[in-house]
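Engineer: Okay, so the sequence shown: first residue is 1 according to full-length UniProt numbering, each after it adds one. We put the beta carbon where it would ideally sit given N, CA and C, even for glycine.
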Amino acid sequence: MMTQRLRFAFSAVFHFCASMAIILAPVSHAEEPSTSLFSTVPTYDDVQLFRIDGSNTIGAELAPSLVKAWMEARGTDKAEIRATDIENEVEIIGYHAATNSRLTVHVAAHGSGTGFSALRDGVAQIAAASRPVKSKEEALFPGLNLTSLDSEHIIGIDGLAVIVHPRNPLNRLSVQQIERIFSGVVTDWADVGGTPGKIEVLARDNKSGTWDSFKSMVLGKSELLTTARRFESNSELSAAVANNTNAIGFVGLSSVNNSKALAVSDGQVKALSPNQLTVATEDYALSRRLFMYTQGVSDNTYVRDFLNFALANEGQRLVADTGFVSQELHAVIPENYDELPADFRELTSGAQRLSINFRFMEGSAQLDNKAQRDLDRLAAYLKHQPNGEVVLVGFGDKRKTESRSQLLSKLRAMAVRRELVRQGIYPDETVGFGDELPVAAIQGNDGRMKNRRVEVWLRNGYEAVEPSALIADESQAAR
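(1) Taking the alpha carbon of residue 495 as the reference point, which residue from Val47, Met414, Gly447 and Glu138 has its own alpha carbon closest?
(2) Starting from leucine 277, trace the alpha helix (DSSP H) in both directions and tell me its first and last residue.
(3) So alanine 60 and alanine 109 are supposed to be a Cβ contact under 8 Å. How far apart are they, rounded?
(4) Counting pairs of Cβ atoms below 8 Å between the region 409 to 419 and the region 362 to 375, do you hit three or more?
(5) If you compare alpha carbons, which of Asn275, Ser265 and Gly434 is closest to serine 255?
(6) What would DSSP say about isoleucine 178, mapped onto helix, strand or coil?
(7) Apart from the five residues just before and just after leucine 62, which ones in its own chain have a Cβ nearer than 6 Å to its Cβ?
(8) Any contact between the region 437 to 452 and the region 389 to 406? By contact I mean 3 or more CB pairs, one from each, below 8 Å.
(9) Round the Cβ separation of isoleucine 163 and alanine 261 to the nearest angstrom and send it over; I've been treating them as touching at under 8 Å.
(10) So residue 484 packs on phenylalanine 358, CB below 8 Å; how close in whole Å?
(11) Short of 6 Å in beta carbon distance, which residues of its chain neighbour glycine 424, apart from the five on each side in sequence? Order them along the chain.
(12) Quick check: the region 221 to 228 against the region 139 to 147, are there 3 or more CB pairs under 8 Å?
(13) Give the secondary structure of aspartate 85 by DSSP, where H, G and I count as helix, E and B as strand, and everything else as coil.
(14) Considering only the beta carbon of each residue, do glycine 159 and leucine 253 sit closer than 7 Å?
(15) Secondary structure at phenylalanine 38, three-state DSSP: helix, strand or coil?
(16) Can you check DSSP and say which residues form a bridge with histidine 106?
(17) For the beta strand (DSSP E) holding arginine 131, just list the boundary residues, first then last.
(18) Anyone know if the C-beta pair for valine 107 and valine 90 falls short of 7 Å?
(19) Who are tyrosine 293's beta bridge partners in DSSP?
(20) Let me know the alpha helix (DSSP H) ranges lying completely inside the UniProt domain "OmpA-like" (347 to 462), each 4 residues or longer, listed in chain order.
(21) Identify the continuous beta strand (DSSP E) that holds arginine 204 and give its terminal residues.
(22) So what does DSSP say about glycine 159, is it helix, strand or coil?
(23) Say whether the region 227 to 241 touches the region 262 to 272, bearing in mind that this needs 3 or more beta-carbon pairs closer than 8 Å, one atom from each stretch.
(24) Check whether the Cβ atoms of valine 218 and glutamate 179 sit closer than 7 Å, and answer yes or no.
(25) Going by DSSP in three states, aspartate 212 sits in which element: helix, strand or coil?
(26) Quick one, are the C-beta atoms of alanine 331 and glutamine 352 less than 7 Å apart?
(27) Look up valine 185 in the DSSP assignment and say whether it is helix, strand or coil.
(28) Quick check on this structure: which residue in Leu173, Leu382, Thr43 and Tyr293 has the alpha carbon closest to the alpha carbon of serine 148?
(29) Suppose the cutoff is 8 Å on Cβ atoms and the five residues either side in sequence are ignored; what does the same chain contact list for glutamine 443 look like?
(30) First and last residue of the beta strand (DSSP E) that includes alanine 247?
(31) In this structure, how does DSSP classify alanine 310 when only helix, strand and coil are distinguished?
(32) Do the CB positions of aspartate 121 and alanine 97 come within less than 7 Å of each other?
(33) Going along the chain, which residues of its own chain have a beta-carbon closer than 6 Å to the beta-carbon of glutamate 232, five neighbours each way excluded?
(34) Grouping DSSP H, G and I as helix and E and B as strand, with all else coil, what is glutamate 232?
(35) Please name the residue in Leu286, Ile81, Tyr95 and Asp212 whose C-alpha comes closest to that of lysine 450.
(36) Quick one: what's alanine 263 bridged to in DSSP?
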């Protein structure tokens, strides 16, 4: 059994690596539906297929891009995205030659909270949210489990970037420092190691999921500084920060643009920059999932087919192209692996970590919705790794005794193993490491949930190739 020092050393080195090598493997594609999907629409008519309301993070570019690609993949002539007379609302329009029909999908991006009321009222068939549904929003749907696999669809991962002006000398802050800045306790850059000057706080508006995520992950019970400037869109906020040397704000990872993203630490965990790999594994302190919600299995054929498209390989590649982090799998070789202690190198000889963490429902040994879909992704990936040896490593939060933590972490790894065996995948090793290598502060429920995870390592996989197409290097992440 490795010592605590050795395990922590590995975690630090792994996360320190800004440049990584990626191992790629072909992934099986689900059979695409026939392009006759629209053959039953009324001829010579304007047909609204469905409507998406909610998150600005999703609705500004990602949702319209996914809808456009889906329409074209399903047989429309070249689709286009058109602005409407209402700010932050667009229509995606495709022309179906066989029926001479004009097909539209409407996307309204006014914040996550607006999506659930639109879904309840039947105005929208999909609610887009850049944070999980709240209890009060679930109450809008009596008798329906909005967090079930049929209702909750994780379409990608985003990193909530804390941004400053490019010439700001600071490169990192802790979650605690960020909280003190945005609540108005700290008002001068010199108090956090920067150049003296008044800090100007910029924030998203109250309706946005970006704000909800920031409040949950950073502010907690603290209140936002009353003089903070508020913005309805991430792009407007980012542009304002890029033009103000004393400004600080927060946006989705894809909206950093000309600002600089800071590395963020949580408790004693090493500060990590928001990039493709730290966000994909959700190890970055301010990573978050992007959701689409339906009222159970939708009775709208087009909604069901669109969601299948978004979750499959083609849709996930578009998620990455739009600036978010897809759920396609790749394997990581730490650049400084040779600097690790000799006994750890012996233990992990020939192994790489996959860009996936399995997590669990709160207070349960049941895999959460993302993990359940990730099982299929992992099984498909591993079937193209004929010589691969899988190692499952479970982690957990601190318990009364070390043996209890060790047992629970092993049981988590065993839960993933059982599901893989059902799909014909037999992991070579299943290990529990207790409360070692936390990726989040151990105080608070969110941190405990994040630390309860199962990592996947692969020995004898494909050879490494250059990651330029898949990894945002540190300079790009800090734009």
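Structural biologist: The short version:
(1) Since the first and last residues shown for the chain are 1 and 479, residue 495 lies out of range.
(2) 276 to 280
(3) 5 Å
(4) yes
(5) Asn275
(6) helix
(7) Thr322
(8) yes
(9) 6 Å
(10) Since the first and last residues shown for the chain are 1 and 479, residue 484 lies out of range.
(11) none
(12) no
(13) coil
(14) yes
(15) helix
(16) Arg51 and Glu91
(17) First-last for arginine 131: undefined, no H or E at that position.
(18) yes
(19) Ala127 and Glu152
(20) 369 to 382, 402 to 422 and 445 to 451
(21) 200 to 204
(22) strand
(23) no
(24) yes
(25) helix
(26) yes
(27) coil
(28) Tyr293
(29) Gly267
(30) 247 to 252
(31) helix
(32) no
(33) Asp205
(34) coil
(35) Leu286
(36) Arg172
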